[in-house]
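**Q** Residue -11 is where the sequence shown starts when you use the working numbering, and the numbers rise one by one after that.
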Amino acid sequence: MANNKTPKHNVDTSVALLRKRSLVVNKLNKCEEFVSLLTIEDFSVVELLSRQDKIKTIYSDHDNVVEALSEILPLEEFVKLQEDIDTFEDKYHLVARKLMQAISTQQTSNPDQKDKLSEQSEAKKLGIKLPEFHITKFDGDKLKWLAFKSVYIAVIHTRTDINDVVKFTFLLDSVKGKAAEIIGAINLTSEGYQSAWNNLMRVYDKPKAIAQANIVGIFNLPQCKNGSAEELRSLLNTLTSHLVSLTALDLKTDKLSELILINFVINCLNNNLETEWNKTVEIDEI
-11 MANNKTPKHN VDTSVALLRK RSLVVNKLNK CEEFVSLLTI EDFSVVELLS
39 RQDKIKTIYS DHDNVVEALS EILPLEEFVK LQEDIDTFED KYHLVARKLM
89 QAISTQQTSN PDQKDKLSEQ SEAKKLGIKL PEFHITKFDG DKLKWLAFKS
139 VYIAVIHTRT DINDVVKFTF LLDSVKGKAA EIIGAINLTS EGYQSAWNNL
189 MRVYDKPKAI AQANIVGIFN LPQCKNGSAE ELRSLLNTLT SHLVSLTALD
239 LKTDKLSELI LINFVINCLN NNLETEWNKT VEIDEI
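#1: If you run the structure through DSSP and keep just helix, strand and coil, what is V269?
#2: By the three-class DSSP mapping on this structure, what secondary structure does E107 have?
#3: Can you give me the start and stop residues for the alpha helix (DSSP H) that I123 sits inside?
#4: Report the residue from V3, N202, L257, S48 whose alpha carbon sits nearest the alpha carbon of E218.
#5: Please state if the CB of I170 and the CB of N187 are separated by a distance shorter than 8 Å.
#6: Does V53 pass the burial test, meaning 16 or more other C-beta atoms within 10 Å, or should it be called exposed?
#7: Could you tell me the distance, in whole angstroms, from the CA atom of C19 to the CA atom of D193?
#8: Apart from the five residues just before and just after K125, which ones in its own chain have a Cβ nearer than 7 Å to its Cβ?
#9: Select from A90, G205, L61, T241 the residue whose C-alpha is nearest the C-alpha of N225.
#10: Taking 7 Å as the limit between beta carbons, can you name the residues of its chain near H230, skipping five residues before and five after?
#11: Is it the case that the CB of I206 approaches a heavy atom of the ligand SAH more closely than 7 Å?
#12: Alpha carbon to alpha carbon, how far is D49 from V12? Give it in angstroms, no decimals.
#13: Drop a sphere of 10 angstroms on the beta-carbon of W265, count the other beta-carbons inside from all chains shown, and report buried for 16 or more, exposed for fewer.
#14: For I211, I'd like the list of residues in its chain whose CB is within less than 7 Å of its CB, leaving aside the five on either flank, ordered along the chain.
#15: Which residue or residues does DSSP assign as beta-bridge partners of C212?
#16: With distances taken from CA atoms, which of R39, E71, K8, F66 is nearest R85?
The structure is reproduced here in structure tokens:
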């Protein structure tokens, strides 16, 4: 008798794809909230165009997921999903149209901004990079929290020329992975921004956990097996990163801890590098 059951690997893949689609849909919902609360004077044309690019990416991601699902979902299940797909399409076109209208209105009412945008486009053609703020997206890695927090607070959180709804859109754009999941379900409002930021602080701003993660990192420094410049650079950068994080927690090194650290580093070197290192220090030097 023929086995009509869907293969297990297809089931696992479809579950993962449906979960991914849910995240993509949630991103579009955030964009819909954004345009519904949109106050034109709060945003520059450049910022609105950036938001427009984002929803295009969301649409493309959704398209790719749906295409993958169409290949592995049983026909009846895909037909059931079609209504949700149509709803997504309608919502996307609504958001895209509102953004386009906002961009057009802003360009008409603020010709200076339009000129600035033209200057940026021209600079791009000429290969000139204009100064801009860039925040590396935080993915929930404890080792990256302090650097992310300090930059985000300086660049966005403490600004007084933008409201909390705008700050929330920046925050959503600045996180991914587990960090994005923590704030993904919060409504795009001023109160929501405070809740989102407080949630991130509650989960990640834990000095003890951060210190322990950095200590573990020092215990597991990359090895210089071949003695190449790339390996040495990786070792130096990794150690420096951990030490900077510990210093930011006011955990400074003393002579004893420096000696311990040096021995950790020496243990990462191959025999040739260790020999070269020993040539640089006095025999009786600690």
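Cβ atoms here follow ideal geometry from the backbone N, Cα and C, with glycine treated the same way.
**A** From the atom records:
#1: coil
#2: With a pLDDT of 43 at E107, under the threshold of 50, the predicted position of this residue should be treated as unreliable, and no value is reported.
#3: Per DSSP, I123 belongs to no alpha helix (DSSP H) and is neither H nor E.
#4: L257
#5: yes
#6: buried
#7: 28 Å
#8: S162, V163, K164
#9: G205
#10: N202, G205, I206
#11: As presented, the structure is devoid of all ligands, the ligand SAH included, so that no description of it is given.
#12: 7 Å
#13: exposed
#14: Residue identity differs from the one stated: residue 211 is Gln in this sequence, not Ile. Closer than 7 Å at Cβ, skipping near neighbours: C256.
#15: L257
#16: R39
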